Amino acid sequence: MERVVSGIRATGQLHIGHLVGVLQNYLKLQEEYQSFFFIADLHALTTNYEHTEILKGNRVEVMLDMLSVGLDPQKCTLFVQSEVPEHTYLHLLLSMIVPLPWVERNTTVKEMIRDLDLKENASYGLLGYPILMTTDIIIYKAHYVPVGKDQLPHLEIAREIVRRFNGLYGELFVEPHALLTEFPNVPGVDGRKMSKSLDNDIKIADSEELTKIRIMSAVTDPEKVRLHDKGHPSVCTVFKYHLIFNRSEVDAIKSDCEDGEIGCVACKKQLAEKVNERMRPIREKRERLSHEKDKVIDIFDEGSKKARKIAGQTLEKALNLMKLK
Ligand code: TRP
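For our numbering, add 121 to where a residue sits in the sequence shown, where the first one is 1.
Put into structure tokens, the structure is as follows:
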């Protein structure tokens with residue numbers, strides 16, 4: 122069976138954008154591929170190295186999110202990146218053979234430096250972000266990597282590194298390809314990109330009350346001020362959510378809005394119910410699991426052991442080919 126690898130940067134609880142974009146995709150993949158899904162806590166260090174005290178807690182939160190949406194340790198391998206130290210060893214070996222311009226031209230890393238305003242605080246480790254990501258993938262000889270468009274430059278480097286290594290030392294690694302998923306666009310409640318740092322997100326773990334409050338505060342069509350004003354769903358954030366979470370009523374809502382038959386308050390209330398309905402079983406499961414954290418951590422420990430076996434074999438072969446053994 123072909124292999125898939127994908128990681129989630131552990132920077133805190135996941136939101137519903139992760140759910141419909143990343144996690145739902147994982148659910149499908151665990152049925153179709155030999156899948157490895159992991160918490161990229163070392164990658165979190167590339168920008169959060171000053172706040173390592175929150176890493177441990179974040180890791181458990183992401184574990185809870187991953188399990189509560191239905192990722193199943195019987196169907197996929199769930200693990201923690203830092204629990205598989207073979208990644209770091211291979212990362213170092215690869216870093217020796219990667220020409221500097223390959224990492225310097227990486228647009229996604231450049232954007233991270235710009236967006237986070239890192240300037241001279243951008244670390245050597247951040248520059249190596251794509252090499253660490255390459256390691257995560259090729260150490261399992263994965264064929265496919267489900268990612269969003271922003272990650273394509275990293276995969277390009279991954280393939281170049283594979284060719285370079287195989288050319289220098291002998292055939293070992295497999296060139297990975299992106300499984301580009303057209304993620305539905307889930308904006309934040311303020312209409313910008315949904316993100317924790319913009320404080321405009323709805324978390325998987327949020328309560329129904331908080332979900333409702335967030336949705337009631339969402340921006341809508343600025344031209345629709347009064348209930349009977351005619352609205353423009355195409356520019357409305359709330360409508361974008363209806364498209365994803367309320368498919369059965371979305372056509373009626375569209376025409377009611379355009380005809381000035383429904384006001385934004387009612388429309389948001391309807392949406393909040395749908396989102397909460399959809400999230401309820403996930404949140405109930407998450408609540409149950411949160412009382413069994415030891416069991417949750419055990420699942421990822423077991424997965425990390427399984428991952429280490431495979432990663433260790435690949436590392437061993439790489440060391441042999443490089444005449445380091
Ligand atoms: N860079 C990825 C992201 O920000 C996270 C990641 C780290 C990853 N290692 C990976 C994704 C390996 C896929 C495969 O989303």
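Glycine residues also receive a C-beta, built at the ideal position from the N, C-alpha and C atoms.
The structure presented is a predicted model; accordingly, all values stated were derived computationally and were not measured.
In DSSP terms, what residue i is bridged to
i	result
V266	A299
S127	F158
L199	F158
K314	P308
K324	H136
Residue of the options minimising C-alpha distance to residue i
i	options	result
E437	A161, Y154, Q155, L214	L214
L348	T173, K430, Y147, D380	D380
E344	E370, Y147, M337, C378	C378
I365	L140, S411, E405, A131	L140
L253	T302, V386, A165	A165
K395	K333, T167, S127	K333
L392	A373, G128, A439, E405	A373
V346	D419, G384, K314, G312	G384
D327	D193, R399, N227	R399
R280	R313, K270, I259, Y290	I259
L301	E423, P274, A161, D186	P274
L150	K430, N169, G312, S127	S127
L237	M217, S318, R180	S318
G352	K361, E330, K375, L331	K375
G249	H264, K427, T228, E152	T228
G312	R335, E296, A299	R335
Buried or exposed (CB count within 10 angstroms, at least 16 for buried), residue i
i	result
D320	exposed
E182	buried
P222	exposed
L247	buried
N441	exposed
S355	exposed
G288	exposed
E225	exposed
Q134	buried
D257	buried
H363	buried
D162	buried
D144	Inspection of the sequence shows that residue 144 is occupied by Leu rather than by Asp. Buried, because 16 or more other Cβ atoms sit within 10 Å of the Cβ of L144.
M184	buried
M122	exposed
R235	exposed
CB-CB length for residue i against residue j, believed under 8 Å
i	j	result
P305	T358	13 Å between Cβ atoms; not a contact.
V230	P251	7 Å
V219	F159	Not really, about 22 Å apart at Cβ, beyond 8 Å.
D322	H172	Not really, about 19 Å apart at Cβ, beyond 8 Å.
F294	K262	7 Å
G433	E207	5 Å
V205	S425	6 Å
A339	V310	4 Å
P194	I420	5 Å
Residue i beta carbon near the ligand NAP (any heavy atom closer than 8 Å)
i	result
T198	The ligand NAP is absent from the structure shown, which contains only the ligand TRP.
CB contact check: residue i to chain B, cutoff 9 Å
i	result
L211	Absent here is chain B; the protein component of the structure consists of one chain.
Check your reading: residues with Cβ closer than 6 Å to the ligand TRP heavy atoms: V126, S127, G128, R130, A161, H164, M254, D257, I258, V266, V268, Q272
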